[in-house]
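Convert by adding 10 to the 1-based position in the sequence shown; the result is the number in this note's numbering. To start, the structure under review is shown below, and the notes come after it.
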Amino acid sequence: GTLLGLDAESGELVGYGPIPATVAREIASRPTSTWRRMLTDQQGHLVELGERRYPSPGQKRHVQARNPCCMFPHCTRRAWRCDLDHTRPYAWGGKTLVENLGPLCRRHHRVRHHSRWQVTQPWPGVFRWTSPTGRRYEVRPHSYLDGECVTVELDATSENDCPM
């Protein structure tokens, strides 16, 4: 109720301690503030800490360094121009962790969520795709030795079976 103005209970500023309700409301209203849901039991003990849906700047830098290209097979769009996608969707319980994130250009982000393409991330930075026709591809993390974004076709394909 403090943030909504329903009561005057103090807030708590991490690293500082208790703060007056008016100060808590002012800080919370800033555009740069981060809100997290904290569910407590009747004794006030933390039961669950809400997670962020969007990656932090540090997570974004990590994923872009690990996978500097769109993770869709054969796409070379640079990661800094891509969206960060939850491999296991956030709405389905996917966590906002670097091992569940990967860069997808806007086109392939739409393809991933609005078609029958499927993707898994068996290891951080390794993406295994299955096309609607059953073809399988593996997109591997960037190697700083060869400087390339690598897609391996796991099935024999014809030259006419191009992934999007």
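The beta-carbon is built from N, C-alpha and C at its ideal position, and this holds for glycine as well.
- Non-local beta-carbon contacts of Pro30 in its own chain, meaning distances under 7 Å to residues more than five positions away in sequence, involve Ser20 in chain order.
- Counting C-beta pairs with one atom in each stretch, the segment 90-97 and the segment 106-114 have three or more that are closer than 8 Å, which means they touch.
- A direct Cα-Cα distance of roughly 10 Å separates Trp127 from His118.
- Annotation for His152: Arg76, Asn77, Pro78, Cys159 place their beta carbon closer than 7 Å to its own, counting only its chain and skipping 5 residues before and after.
- In the structure shown, the three-state DSSP call for Glu19 is coil.
- In the DSSP assignment, Glu36 falls within the unbroken alpha helix (DSSP H) covering 31-38.
- If you compare the alpha carbons of Tyr147, Ala38, Phe82 with that of Gly15, the shortest gap goes to Ala38.
- DSSP lists Leu114 as the bridge partner or partners of Asp93.
- Take Glu22, set aside five residues on each side of it, and the residues of its chain with a beta-carbon closer than 6 Å to its own are Pro28, in chain order.
- For Gln69, the secondary structure class from DSSP, reduced to helix, strand or coil, is helix.
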